[in-house]
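Under the numbering used here, the letters of the sequence shown match residues -14 to 244, in that order. A virtual CB, placed ideally from N, CA and C, is assigned to each residue, including glycine. See below for the structure under consideration.
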Amino acid sequence: MKNAILEVENVERIYKDEDKETLALKNVNFKIEEGEFVSIIGASGCGKTTLLRMIAGLDQIEKGNIRLRGEAVGKNNQQIGYVFQQGSLFEWLTVEQNIAYGLKASGQYKQKNQLVKEYITLTGLTGFEDVYPHQISGGMAQRVAIARALVNSPDILLLDEPMGALDSFTRANLQDKLLEIKHKNKITMLLVTHDIDEAIYLSDKIIIMTPRPGKISEIMNIKIAHPRNRSGSEFVTIRNKLMEKFALASEDALPEYVI
-14 MKNAILEVEN VERIYKDEDK ETLALKNVNF KIEEGEFVSI IGASGCGKTT LLRMIAGLDQ
46 IEKGNIRLRG EAVGKNNQQI GYVFQQGSLF EWLTVEQNIA YGLKASGQYK QKNQLVKEYI
106 TLTGLTGFED VYPHQISGGM AQRVAIARAL VNSPDILLLD EPMGALDSFT RANLQDKLLE
166 IKHKNKITML LVTHDIDEAI YLSDKIIIMT PRPGKISEIM NIKIAHPRNR SGSEFVTIRN
226 KLMEKFALAS EDALPEYVI
């Protein structure tokens, strides 16, 4: 391990409902290096989003530790950017105002307003600065959400299935845009996805989780040079291996991969 930007150690999460307790995550351990793109895959309900929310400081840790650059994560951590499944844009604000919202809320807009323009350009939103969310496509809305998360210059960007509701062409375009942003700005990214092809296309490594309680079944390194060919022999070989491993990790549960 070179420089571990994120460390997750022996993490557990239990949900309590009246007299019932549900163990959502059990003994989760992994590290992410600076600049890596890591994906988490697993069946619905295995705790992927819960884990992401805990890293972001949006959900409590029952047991274990999560550290970013050696410091325990907490609420309102400006070093962590978060993109939700649905962009969660403010409908009454324009594209540019949505992207600038975090900077204005933290009082940094005057010093860093040039970043708003930079990310509008980088995410391909030039010309749409004064448009409202209801006037743009789902793919563009997710690009706005990504720009809004990145404009605060986070050390790590958490992505909770941000491309799940998009059509295949828009999804592929946004995947390439994420890789462009990652390589250009050296940002560490952690993605939750159900799509095995997406995980292979984007990731340096893939974390495979079991059904509830969510545990790490295996961490698989993806050593294919970019740009990656989805129909190439290396890609197909890894896809087949990953589908087999995912099926084994899911035990009796049906795998939920998308091809």
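Asked	Found
By Cβ distance, which residues of its chain are closer than 8 Å to Ala150, with the 5 residues on each side in sequence left out?	Gln70, Gln71, Gly123
Tell me Val247's beta-bridge partners as DSSP assigns them.	The requested residue 247 does not occur in the structure, where the chain is confined to residues -14 to 244.
So, is Val221 buried or exposed, given that buried needs 16 or more other C-beta atoms within 10 angstroms?	exposed
Is there contact between the stretch 85 to 101 and the stretch 163 to 183, where contact requires at least three CB pairs shorter than 8 Å?	no
Taking the alpha helix (DSSP H) that Gly87 falls in, what are its first and last residues?	80 to 90
Over what stretch of residues does the alpha helix (DSSP H) that includes Glu165 continue unbroken?	153 to 170
By the three-class DSSP mapping on this structure, what secondary structure does Lys97 have?	helix
What are the residues that DSSP puts in a beta bridge with Glu203?	Ile193
Assuming Val245 contacts Gly42 (C-beta within less than 8 Å), just tell me the rounded distance between them.	In the structure as shown, the chain starts at -14 and stops at 244, and residue 245 therefore has no counterpart that could be examined.
If you run the structure through DSSP and keep just helix, strand and coil, what is Ala150?	coil
Are the beta-carbon atoms of Ile(-10) and Asp140 separated by less than 8 Å?	yes
Measuring CA to CA, which of Met39, Glu(-6), Leu53, Asp180 is closest to Gly27?	Asp180
Let me check one thing: in DSSP terms, what residues is Phe22 bridge-paired to?	Met174
Quick one: is Val243 buried, meaning 16 or more other Cβ sit within 10 Å of its Cβ, or exposed?	Legend: pLDDT at Val243 = 44, less than 50; position of this residue unreliable, value from coordinates given subsequently. Val243 comes out exposed.
Please go through the same chain and pick out, in chain order, the residues whose beta-carbon is closer than 6 Å to the beta-carbon of Glu3, but skip the five residues on each side of it.	none
To the nearest angstrom, how far is it from the Cα of Ile(-1) to the Cα of Asn225?	33 Å
Thr108 and Ala132: beta carbons closer than 8 Å?	yes
CB-CB under 8 Å to Gln64, same chain, minus the five flanking residues each way: which ones, in chain order?	Leu53, Arg54, Pro139, Asp140, Ile141
Given a threshold of 16 other Cβ atoms within 10 Å of its Cβ, counted over all protein chains shown, does Asp145 qualify as buried or as exposed?	buried
Quick check: the Cα distance between Glu21 and Asn(-12), rounded to an integer number of angstroms?	10 Å
So what does DSSP say about Ala234, is it helix, strand or coil?	helix
Excluding the five sequence neighbours on either side, which residues of its own chain have a C-beta within less than 8 Å of the C-beta of Lys230, listed in chain order?	Ile193, Ser202, Glu203, Met205
Helix, strand or coil: how does DSSP classify Arg54 here?	coil
Buried or exposed: Val(-4), going by 16 or more other Cβ atoms within 10 Å of its Cβ?	buried
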